[in-house]
Amino acid sequence: MTILSKNIEESTTVQVDSDAQNIVYFHQNKGEENRIIFRDHIVYSTFEKAGGHVVLLTNVKTINFKVEEDKLYVQIQFLRAEQNREAIIILPNTS
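Position one of the sequence shown corresponds to residue 21 (this note's numbering), numbered consecutively onward.
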């Protein structure tokens, strides 16, 4: 969550895909779009300009993102853990 918070703090827009498992955030000053993608039990951060990705989490059963007002809610369930993890990230002021 620390990496995600740091990456999002300078973004101008944050959008959650319709399946609530991926997000897109855009850095206006860098002209760069980044994504957090969940696939095959792995959560990746992609970097459009660099053309690559970084693994953020492994052994993930489910992940859900939700944006409400100025907050990004993240819920994660791991394959081997009995409990879910949740986090709230304050989104930057985009107005």
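A virtual CB, placed ideally from N, CA and C, is assigned to each residue, including glycine. Just so you know, these numbers come straight off a predicted model, no measurement behind them.
**Request:** Look up T22 in the DSSP assignment and say whether it is helix, strand or coil.
**Result:** Here residue 22 corresponds to residue number 2 of the sequence shown, with the count starting at 1. The answer is helix: DSSP assigns T22 an H, G or I state.
**Request:** Tell me whether V74 is buried or exposed, calling it buried when 16 or more other Cβ atoms sit within 10 Å of its Cβ.
**Result:** If you number the sequence shown from 1, residue 74 lands on position 54. By the neighbour-count criterion, in which 16 or more other beta carbons inside 10 Å mark a residue as buried, V74 falls on the exposed side.
**Prompt:** In three-state terms, what does DSSP make of S115?
**Reply:** As a position in the sequence shown, residue 115 is number 95, starting the count at 1. Low local confidence applies: a pLDDT of 48 at S115 is under 50, so the model's placement there is unreliable, and no value is given.
**Prompt:** In this structure, does DSSP put N27 in helix, strand or coil?
**Reply:** Here residue 27 refers to the residue found at position 7 of the sequence shown. Helix, per DSSP.
**Request:** State the DSSP-derived secondary structure class of L99, mapped to helix, strand or coil.
**Result:** Counting from 1 along the sequence shown, the entry for residue 99 is found at position 79. Coil, per DSSP.
**Message:** Which of the three DSSP states is assigned to T66 in this structure?
**Reply:** The residue given as residue 66 occupies position 46 in the sequence shown. T66: strand per DSSP, three-state reduction.
**Request:** Could you spell out the range, first to last residue, of the beta strand (DSSP E) harbouring E53?
**Result:** Locating residue 53 in the sequence shown gives position 33, where the first residue counts as 1. First-last of the beta strand (DSSP E) with E53: 52-59.
**Asked** Can you name the start and end residues of the beta strand (DSSP E) that E89 belongs to?
**Response** As a first step, residue 89 must be located in the sequence shown, where it is residue number 69. From DSSP, E89 is part of no beta strand (DSSP E); its letter is neither H nor E.
**Item:** CA nearest to the CA of K91, picked from N42, F98, P112
**Value:** On the sequence shown, residue 91 is found 71 positions in, with the first residue counted as 1. Minimum Cα distance to K91 is reached at P112.
**Asked** Thinking C-beta only, is E106 closer than 9 Å to I96?
**Response** Walking along the sequence shown from the start, residue 96 turns up at place 76. Walking along the sequence shown from the start, residue 106 turns up at place 86. With respect to E106, I96 sits close: the two C-beta atoms are nearer than 9 Å.
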